[in-house]
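Asker: I am attaching a structure below and will ask some questions about it afterwards.
Residue numbers (my numbering): 852 to 1151.
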């Protein structure tokens, strides 16, 4: 049995504004060429730009002052001063740096910090976009389940496997299917006591969508972790939007999976808290069962 909800504090859910650096990066492809020069400078030297007046920034970007003003308006601000205040706040509370893409000119020693920076930036972006009300709804859904099935295909199959490894320790029967045929067969056998947790980066994988539709038709509840706006998200009873800008270059690995993995960890912790002492006792017993399988470190 799950216990009273320890997460509800009766406060309205007000997810923080998406980091302004991430907004600039996302919007840059739709800007004019001159405005894009401003965006590129801000992305590469955000703290330098913070100290500049509109005249100095325009000179640094080799554009006119009206171009800088139009850039601010393109992002939804009424002028440069308003933009600059929001930019300062974003740097103070959000991502203090922005990763740069790996390119052919990079030395091997440049790769490690760039990949780490991309990863940290992706996690910060996901954290700043997190919706606590949706997360709480997902926790309640899992805590009430009599059976949990985790679905994912391709790279997302690894996410489904990780979720199964975490969620089976709730004491709830939990399985994972990373094959579309097996997903479809299993989905048709579910009922209203079951929860399907589906993972996808885009939310547009046809076979996964088909499997989730079958599970929904069978009466199962659907928890989806994927990007917003796709057909998979529309099928969800609860949708956790993992809206992380994906790698634009061919070298670095997919960063959105790290945000998914962090959500899995958070869900596992929160469900355990919600289910109370019995769930914690199960975790302790599971941990004790493997302690004797580890070698004792030598002293001295």
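For every residue, glycine included, the Cβ atom is placed at its ideal position computed from N, Cα and C.
Per DSSP, what kind of secondary structure is residue 1000 in: helix, strand or coil?
Answerer: Strand at residue 1000.
Asker: Is it the case that the stretch 954-962 contacts the stretch 1040-1059, given that we only count it when at least three CB pairs across the two stretches are under 8 Å?
Answerer: Judged by Cβ distances under 8 Å, the stretch 1040-1059 makes no contact with the stretch 954-962, as fewer than three pairs qualify.
Asker: CA-CA distance, residue 1067 and residue 997?
Answerer: Approximately 16 Å between the Cα atoms of the pair.
Asker: How would you call residue 1042, buried or exposed, if buried means at least 16 neighbouring beta carbons within 10 angstroms?
Answerer: Classification of residue 1042: exposed, given that the 10 Å Cβ count is below 16.
Asker: For the candidate residues 1090, 1001 and 1106, whose alpha-carbon lies nearest to that of residue 982?
Answerer: The shortest C-alpha separation from residue 982 is found at 1090.
Asker: Is residue 1112 helix, strand or coil by DSSP?
Answerer: Three-state DSSP puts residue 1112 in a helix.
Asker: Can you tell which of 878, 921, 1119 and 880 has the C-alpha that lies nearest to the C-alpha of residue 1023?
Answerer: Nearest of 878, 921, 1119 and 880 to residue 1023, Cα basis: 1119.
Asker: Should residue 1040 go down as buried or exposed, given a rule of 16 or more other Cβ atoms within 10 Å for buried?
Answerer: Its Cβ having fewer than 16 others within 10 Å, residue 1040 is exposed.
Asker: Pick from 1044, 1133, 1096 and 898: whose alpha carbon is nearest that of residue 1071?
Answerer: Per the Cα distances, 1044.
Asker: Which one or two residues does DSSP pair with residue 1072 in a beta bridge?
Answerer: Answer by DSSP bridge pairing, in chain order: 1046.
Asker: Mark residue 969 as exposed unless 16 or more other C-beta atoms lie within 10 angstroms of its C-beta, in which case mark it buried.
Answerer: Buried.
Asker: In the DSSP output, which residue or residues are listed as bridge partners for residue 1027?
Answerer: Residue 1027 is bridged to 1001.
Asker: Within this structure, are the beta carbons of residue 990 and residue 1137 separated by less than 9 Å?
Answerer: Against a cut-off of 9 Å, the Cβ pair of residue 1137 and residue 990 comes out as no contact.
Asker: Taking the straight line between their C-alpha atoms, what separation do you get for residue 925 and residue 934?
Answerer: Residue 925 and residue 934: Cα-Cα distance of roughly 10 Å.
Asker: Compare the C-alpha of residue 903 against each of 932, 1052 and 1051 and name the closest.
Answerer: Considering only alpha carbons, the answer is 932.
Asker: Under DSSP, the alpha helix (DSSP H) around residue 1008 begins and ends at which residues?
Answerer: Residue 1008 -> alpha helix (DSSP H) spans 1006-1018.
Asker: Can you round the beta-carbon distance between residue 923 and residue 916 to whole angstroms, since I take them to be within the 8 Å contact cut?
Answerer: About 11 Å separates the two Cβ atoms, so there is no contact after all.
Asker: Under the three-state reduction of DSSP, which class applies to residue 1090: helix, strand or coil?
Answerer: Three-state DSSP puts residue 1090 in a strand.
Asker: Starting from residue 1084 and walking both ways along the alpha helix (DSSP H), at which residues does that stretch end?
Answerer: First-last of the alpha helix (DSSP H) with residue 1084: 1082-1085.
Asker: Could you check which residue in 1148, 995 and 1035 has the C-alpha nearest to that of residue 1123?
Answerer: Nearest option by C-alpha distance: 995.
Asker: Let's see if you can read the secondary structure: which residues bound the alpha helix (DSSP H) around residue 981?
Answerer: Unbroken run through residue 981: none, as it is neither H nor E.
Asker: Tell me the rounded alpha-carbon separation between residue 1007 and residue 914.
Answerer: For residue 1007 and residue 914, the distance between alpha carbons rounds to 43 Å.
Asker: Could you tell me if residue 1108 is buried or exposed, where buried requires 16 or more neighbouring beta carbons within 10 angstroms of its beta carbon?
Answerer: Its Cβ being crowded by 16 or more others within 10 Å, residue 1108 is buried.
Asker: List the endpoints of the continuous alpha helix (DSSP H) containing residue 882.
Answerer: Careful: residue 882 lies outside any alpha helix (DSSP H) and carries neither H nor E.
Asker: State the Cα-Cα distance for the pair residue 955 and residue 964, rounded to the nearest angstrom.
Answerer: One C-alpha to the other measures close to 15 Å.
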